[in-house]
Amino acid sequence: MNAITLRLPEALQERLKRSAQVNHRSVNKQAIAILEQALASEPASLPDAARTDLIHQQAAELMEMGRRFGALPVLDTRTPDEILGYDELGLPA
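If you read the sequence shown in our numbering, its first letter stands for residue 133, the second for the next number, and so on.
Dropping the structure here:
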């Protein structure tokens with residue numbers, strides 16, 4: 133295991149010590165536990181409320197993109213079939 137040195141503000145160091153005592157861990161083990169929790173990047177690791185907030189935020193961003201793209205002018209009035217080159221039977225022309 134590699135060593136790392138951190139210069140923590142005194143108030144943060146005190147909070148870490150108290151948190152370690154409450155959780156019956158050494159300061160080192162508490163710091164590792166906190167870092168592992170903070171660095172967990174999988175949405176499934178988020179609490180339900182945070183995961184829901186994240187989903188709502190992403191949905192709002194997608195809706196905003198849809199509104200912006202929907203407001204763009206139509207530059208090609210051909211139908212999708214005409215653009216793809218399909219005939220009236222849906223076959224490539």
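Idealized CB from N, CA, C, for every residue including glycine. Since this is a predicted model, take the numbers as computed values, not measurements.
The bridge partners DSSP lists for Pro179 come to none. Burial check for Gln162: the Cβ neighbour count within 10 Å reaches 16 or more, so the residue is buried. In the structure shown, Pro224 adopts extended strand secondary structure according to DSSP, grouped into three states.
One alpha carbon belongs to Asp213, the other to Leu207, and they sit about 16 Å apart. For Pro212, the enclosing alpha helix (DSSP H) begins and ends at 212-216. Leu171 is not a Cβ neighbour of Val159, given a cutoff of 9 Å.
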